[in-house]
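Engineer: Right, I'll just put the structure down here and ask away after.
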Amino acid sequence: DAKTTQPPSMDCAEGRAANLPCNHSTISGNEYVYWYRQIHSQGPQYIIHGLKNNETNEMASLIITEDRKSSTLILPHATLRDTAVYYCIVRVGDSGNTPLVFGKGTRLSVIA
Amino acid sequence: DTGVSQDPRHKITKRGQNVTFRCDPISEHNRLYWYRQTLGQGPEFLTYFQNEAQLEKSRLLSDRFSAERPKGSFSTLEIQRTEQGDSAMYLCASSHKDRYNEQFFGPGTRLTVL
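Respectively, the protein sequence lines represent chains D and E.
Numbering-wise (this note's numbering), the first sequence opens with residue -18 and increments by one.
Numbering-wise (this note's numbering), the second sequence opens with residue 60 and increments by one.
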């Protein structure tokens, strides 16, 4: 079973920041937080991952709380093309030796 | 841009028939993964290969399912004696040894069992 809890859906105005929350209260010390997204009719796409420090790349920022029990994915300037299902995944290590366990994710709708 | 490719994109079959799907990973990606996704759910892990070795199989992979990656490049997933419950999107992903934490997914094969 997925170890994360996400809201089923969210809306965001185009050009505004989209903040997607994720609860992972039972996360272990060796578990990383990963985010993927799936645009309609496509396979999932990797966004970002982190252990305890905040991370940023060209797509998004990942903010992990100090107790690591929750995190937020931030899309700084959402566009219509960011409309997708976003999955928050907790996974042991970052070596890829354990499978990704997807939940139902959050369906983000970016509105013009 | 040569991403992960899957063939066919759509397959309709009758219950009891065998089907085979193919996945071509990104060049030089030595890990290859299979997932299954049903409507409204996230993808579920089935199995993965490192080169030609099958390293892990999910309990979801019943004895009717078999996956191969004979030369460590493309992979096939075969479902024997298909059932209506096998109807789903079958996704393939690959990753490079320098970045195993990032999986690149293909567009999937949608299977419909009548």
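Beta carbons are placed, not taken as given, at the ideal position from N, Cα and C, and that holds for glycine.
What you are looking at is a predicted structure, and each value in this text was computed from that prediction instead of being measured.
Apart from the five residues just before and just after Y13 (chain D), which ones in its own chain have a Cβ nearer than 6 angstroms to its Cβ?
Structural biologist: Excluding sequence neighbours, Y13 (chain D) sits near H30, L32, R72, D75.
Engineer: Got a sec: is the Cβ-Cβ distance from E115 (chain E) to anything in chain D below 8 angstroms?
Structural biologist: So yes, E115 (chain E) belongs to the interface.
Engineer: Report the three-state DSSP secondary structure of Q143 (chain E) (helix, strand or coil).
Structural biologist: Correct three-state label for Q143 (chain E): helix.
Engineer: Identify the contact partners of Y27 (chain D) in chain E, using a Cβ-Cβ distance below 7 angstroms as the criterion.
Structural biologist: Chain E residues near Y27 (chain D): E161, Q162.
Engineer: Does the CB of P67 (chain E) have a neighbour CB from chain D at under 8 angstroms?
Structural biologist: By this cut-off, P67 (chain E) is not an interface position.
Engineer: Do A152 (chain E) and R95 (chain E) have their C-beta atoms within less than 8 angstroms of each other?
Structural biologist: No, these two residues do not count as a Cβ contact at 8 angstroms.
Engineer: Please tell me whether V82 (chain D) has its Cβ less than 8 angstroms away from any Cβ of chain E.
Structural biologist: By this cut-off, V82 (chain D) is an interface position.
Engineer: Determine the direct distance from the alpha carbon of E127 (chain E) to that of N0 (chain D), and round the result to whole angstroms.
Structural biologist: So the alpha carbons of these two residues sit roughly 41 angstroms apart.
Engineer: Along chain D, in chain order, which residues have C-beta atoms closer than 7 angstroms to that of P166 (chain E)?
Structural biologist: The contacting residues are Q23, G24.
Engineer: What's the call for H21 (chain D), buried or exposed, on a 16-neighbour Cβ count within 10 Å?
Structural biologist: Flag for H21 (chain D) reads exposed.
Engineer: List, from N- to C-terminal side, the beta strand (DSSP E) runs of 3 residues or more that fit wholly inside the region 53 to 85 of chain D.
Structural biologist: DSSP runs (the beta strand (DSSP E)) wholly in the region 53 to 85 of chain D: 65 to 73.
Engineer: Specify the secondary structure class of N(-16) (chain D) as computed by DSSP and reduced to three states.
Structural biologist: The sequence given here places Lys at residue -16 (chain D); Asn does not occur at that position. Coil, per DSSP.
Engineer: How far does the beta strand (DSSP E) with D83 (chain E) in it reach, from first residue to last?
Structural biologist: Looking at the DSSP string, the run of the beta strand (DSSP E) that includes D83 (chain E) is 78 to 83.
Engineer: Can you tell me the Cα-Cα spacing of E115 (chain E) and G(-4) (chain D), whole angstroms?
Structural biologist: Rounded to whole angstroms, E115 (chain E) to G(-4) (chain D) spans 42 angstroms at the Cα level.
Engineer: Which whole runs of the beta strand (DSSP E) in the region -12 to 62 of chain D are 3 residues long or more, in chain order?
Structural biologist: Listed in chain order, they are -10 to -6, -1 to 4, 12 to 19, 26 to 31, 42 to 45, 51 to 56.
Engineer: Beta-carbon within less than 6 angstroms of G131 (chain E)'s beta-carbon, same chain only, minus the 5 sequence neighbours each way: which residues are those?
Structural biologist: Around G131 (chain E): N110, E111.
Engineer: Would you list the one or two residues that DSSP bridges to V91 (chain D)?
Structural biologist: Paired residue(s): D:C(-7).
Engineer: Quick check on the burial criterion: 16 or more other C-beta atoms within 10 angstroms. Buried or exposed for H5 (chain D)?
Structural biologist: Buried, since its Cβ has 16 or more Cβ neighbours within 10 Å.
Engineer: Find the nearest neighbour of K50 (chain D) within the set D:F83, D:I28, D:N34, D:P25, judged by alpha-carbon distance.
Structural biologist: Closest by alpha carbon: D:N34.
Engineer: Any beta carbon from chain D within less than 8 angstroms of G131 (chain E)'s own beta carbon?
Structural biologist: False, the Cβ-Cβ gap to chain D never drops below 8 angstroms.
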